[in-house]
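Just so it is clear: in the sequence shown, position 117 is 116 by numbering that gives the first Met the number 0, and no numbers are missing. Yeah, the Cβ is synthetic: ideal placement off N, Cα and C, and Gly gets one too. These notes concern the structure reproduced below.
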Amino acid sequence: MKTLTDDGAGALFPHATNYRVRAVPKSELRKEARQRTSDRVEKSTSLAIQYPRLKALKMNLLYFDREIVSWGHGLVYRANLETAKSMLHFNCPSSLCDGGGFDLSKDLSTAVAGREKIIIGVVPCRGSREQETGKMTPCKSVLHFKMKLSFETRAPARHNAMVRKSPATNQRNKK
Numbered sequence: 000m001k002t003l004t005d006d007g008a009g010a011l012f013p014h015a016t017n018y019r020v021r022a023v024p025k026s027e028l029r030k031e032a033r034q035r036t037s038d039r040v041e042k043s044t045s046l047a048i049q050y051p052r053l054k055a056l057k058m059n060l061l062y063f064d065r066e067i068v069s070w071g072h073g074l075v076y077r078a079n080l081e082t083a084k085s086m087l088h089f090n091c092p093s094s095l096c097d098g099g100g101f102d103l104s105k106d107l108s109t110a111v112a113g114r115e116k117i118i119i120g121v122v123p124c125r126g127s128r129e130q131e132t133g134k135m136t137p138c139k140s141v142l143h144f145k146m147k148l149s150f151e152t153r154a155p156a157r158h159n160a161m162v163r164k165s166p167a168t169n170q171r172n173k174k
């Protein structure tokens with residue numbers, strides 16, 4: 000747009016635009032955080048490669064929201080060792096939780112290292128929630144889990160024993 004200057008000549012001046020910055024909804028921020036975690040999980044190796052002696056993994060998961068059983072009857076997770084990833088991460092099911100979830104990777108690696116068949120544990124959510132006052136507080140959701148593992152039995156060690164030939168074979172070889 001052309002405007003007049005003090006001396007009467009016209010000059011081009013850009014108009015100052017008032018940009019309004021739209022705040023990103025918290026649900027979008029949560030979605031992005033979950034996507035980053037999901038990307039990290041996808042980059043990890045499969046359970047079959049990470050733990051070659053592991054034959055099967057089954058888990059019973061039960062979520063508690065601030066000491067109240069919530070989110071249905073729980074969850075049964077049976078891992079397909081070829082496709083399941085070695086980073087065992089479960090998102091916090093609370094829609095209010097920001098940056099949370101439950102990482103059971105360390106529990107799994109400890110169980111495999113000790114060749115334990117059953118692990119029972121409790122993991123707190125590491126996320127946070129915004130209160131009505133605007134303060135951030137810990138999420139306080141808890142995951143109770145029971146991990147059942149089975150391992151391949153080790154094959155008996157083979158000794159390089161000499162193959163014995165029958166007496167008839169020995170006599171043919173002498174001729």
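Which two residues bound the contiguous alpha helix (DSSP H) that contains K105?
In the sequence shown, residue 105 corresponds to position 106, counting from 1. Following the DSSP letters along the chain, one finds K105 inside the alpha helix (DSSP H) bounded by residues 104-112.
So S226 and K105 are supposed to be a Cβ contact under 8 Å. How far apart are they, rounded?
The first residue shown for the chain is 0 and the last is 174, placing residue 226 beyond what the model contains.
Report yes if the C-beta distance between C138 and G126 is below 7 Å; otherwise report no.
For the purposes of this step, residue 138 is identified with residue 139 of the sequence shown, where counting begins at 1. For the purposes of this step, residue 126 is identified with residue 127 of the sequence shown, where counting begins at 1. Contact: yes.
C-beta contact flag for V111 and L53 at 7 Å
If you number the sequence shown from 1, residue 111 lands on position 112. If you number the sequence shown from 1, residue 53 lands on position 54. In this structure, V111 lies near L53, with their beta-carbon atoms less than 7 Å apart.
Is the distance from the Cβ of H146 to the Cβ of M58 below 7 Å?
Here residue 146 is taken as the residue at index 147 of the sequence shown, counted from 1. Here residue 58 is taken as the residue at index 59 of the sequence shown, counted from 1. Going by the sequence as given, residue 146 is Met instead of His. Going by C-beta atoms, M146 is nearer than 7 Å to M58.
Would A55 and S149 qualify as a contact pair, given that the criterion is a beta-carbon distance under 7 Å?
For the purposes of this step, residue 55 is taken as residue 56 along the sequence shown, with counting starting at 1. For the purposes of this step, residue 149 is taken as residue 150 along the sequence shown, with counting starting at 1. Inclusion of A55 and S149 in the CB contact set at 7 Å is warranted, their separation being smaller than that value.
Can you tell me the Cα-Cα spacing of V23 and P51, whole angstroms?
For this step, residue 23 is matched to residue 24 along the sequence shown. For this step, residue 51 is matched to residue 52 along the sequence shown. Unreliable placement is indicated for V23, whose pLDDT of 49 sits below 50; the coordinate value is still reported in the next sentence. When rounded, the distance between both Cα atoms is 44 Å.
Which stretch, first to last residue, makes up the beta strand (DSSP E) that contains A55?
Reading the sequence shown from its first residue, position 56 is the one you call residue 55. First-last of the beta strand (DSSP E) with A55: 53-64.
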